[in-house]
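I have placed the structure first, in the form of structure tokens, so that the comments after it can refer back to it.
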Amino acid sequence: MNLQMALYLIPVDISGASWRSVMPPENLEIIKGIRYFIVENIRTARRTIKRLDPSADISAITFYELNRHTDDKEISTFLQPLREGNVMGVMSEAGCPGVADPGASVVRIAQSEGLRVIPLVGPSSILLSLMGSGLNGQNFSFNGYLPVENTDRERKIRELEALSVKNDVTQIFIETPYRNEKMFESLLKTLRNETLMCVASSVTDPEKEMIQTRSVGEWKKLNFKIAKEPTVFLFYSPNQNKRSNQSYGKKKNFI
26 MNLQMALYLI
36 PVDISGASWR
46 SVMPPENLEI
56 IKGIRYFIVE
66 NIRTARRTIK
76 RLDPSADISA
86 ITFYELNRHT
96 DDKEISTFLQ
106 PLREGNVMGV
116 MSEAGCPGVA
126 DPGASVVRIA
136 QSEGLRVIPL
146 VGPSSILLSL
156 MGSGLNGQNF
166 SFNGYLPVEN
176 TDRERKIREL
186 EALSVKNDVT
196 QIFIETPYRN
206 EKMFESLLKT
216 LRNETLMCVA
226 SSVTDPEKEM
236 IQTRSVGEWK
246 KLNFKIAKEP
256 TVFLFYSPNQ
266 NKRSNQSYGK
276 KKNFI
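See below:
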């Protein structure tokens, strides 16, 4: 496969699902043609490549590690192989690089220098959760992680709910699995009973996946125990005095 001289953004599977069920086969052919990778964790990137391509010669591949510990001054140097005419790839630990991911910083540099960037198709727990939630997909906001401390977290939840009502927007955020229970408790405590809330856990996992949407009042009536699994939280508080944006009209072909 002839690859273009570009920085390829390569999604990684986000669950125990077979990569064939979440990514097109062309992605594997692209991975086979790349010898320079910018990755979030070198060890797991090596394992991922070997799992996707058992015949891969890992010793022939150069890895650059980009995560929260990377010195900002180093990041630009990672792109030197691309500047010299070599194809490069960016891989996250899971999901799509550049989305809630440190890979965005190197993509920004590539864009500023006019280097070609090619995002590949693959799983995003954020978009898949939104698709499965039934909440407003016309207007939504991804908020990353909310504050850890209870008081700050609940204040932020109230702020996001007010914005949801005002702007007719679905609010989306993620949490570290071991803090899922505290997040779920804060949401039930803080949100209005009529607010719609979706819990999306282990998205794409053929055995563990759960995507459920209920009103907060309905969630409170259940004896629901949230799992310590990768989870996306979504909620939507429609303003009853406004016409909902759910009536989209003709869908554009670029969505």
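Residue numbering for the sequence shown follows this note's numbering, beginning at 26 and increasing consecutively. For glycine and all other residues, C-beta sits at the position ideal for the given N, C-alpha and C.
- Residue nearest to proline 36 within the set Leu28, Met30, Asn27 and Ile63 is Ile63 (criterion: CA-CA distance).
- Spatial neighbours of glutamate 206 in its own chain (CB-CB distance under 6 Å, excluding positions within 5 residues in sequence) are listed in chain order as Ile251.
- In the three-state reduction of the DSSP assignment, glycine 120 falls in the strand class.
- Under the Cβ criterion (8 Å, minimum of three pairs), the segment 181 to 201 counts as touching the segment 158 to 173.
- If the five residues before and after isoleucine 83 are omitted, its C-beta is found closer than 8 Å to the C-beta atoms of Arg71, Ile74 and Lys75, all from its own chain and listed in chain order.
- Aspartate 96 and phenylalanine 103 have their alpha carbons spaced roughly 11 Å apart.
- Rounded to the nearest whole angstrom, the C-alpha separation of serine 166 and threonine 220 is 16 Å.
- At least 8 Å separates the beta-carbon of glycine 123 from that of proline 148.
- The three-state secondary structure of alanine 225, taken from DSSP, is strand.
- For phenylalanine 209, the enclosing alpha helix (DSSP H) starts and ends at 205 to 215.
- Counting the other CB atoms within 10 Å of its CB gives arginine 183 a total below 16, which places it among the exposed residues.
- In the DSSP assignment, the residues bridged to isoleucine 236 are Ala225.
- Serine 80 sits exposed, since fewer than 16 C-beta atoms from the chains shown fall within 10 Å of its C-beta.
- Here DSSP, grouped into helix, strand and coil, assigns glycine 169 to strand.
- Boundaries of the alpha helix (DSSP H) around valine 190: 175 to 192.
- Here threonine 87 is bridged, per DSSP, to Tyr61.
- Taken through DSSP and simplified to helix, strand or coil, phenylalanine 198 comes out as strand.
- Annotation: the continuous beta strand (DSSP E) that includes leucine 32 extends over 32 to 35.
- In the DSSP assignment, valine 142 forms a beta bridge with Leu32.
- With distances taken between CA atoms, glutamate 99 lies nearest to Val131 out of Leu107, Arg108, Arg68 and Val131.
- Closest option to methionine 26, judged by alpha-carbon separation, among Lys57, Asp126 and Asn175: Lys57.
- Beta bridge pairing from DSSP links methionine 113 with Leu32.
- Boundaries of the beta strand (DSSP E) around valine 257: 256 to 261.
- Less than 8 Å divides the Cβ of asparagine 161 from the Cβ of threonine 195.
- Assigned with DSSP and collapsed to three states, alanine 135 falls in helix.
- The beta carbons of serine 211 and glutamate 179 sit about 5 Å from each other, so the pair counts as a contact at 8 Å.
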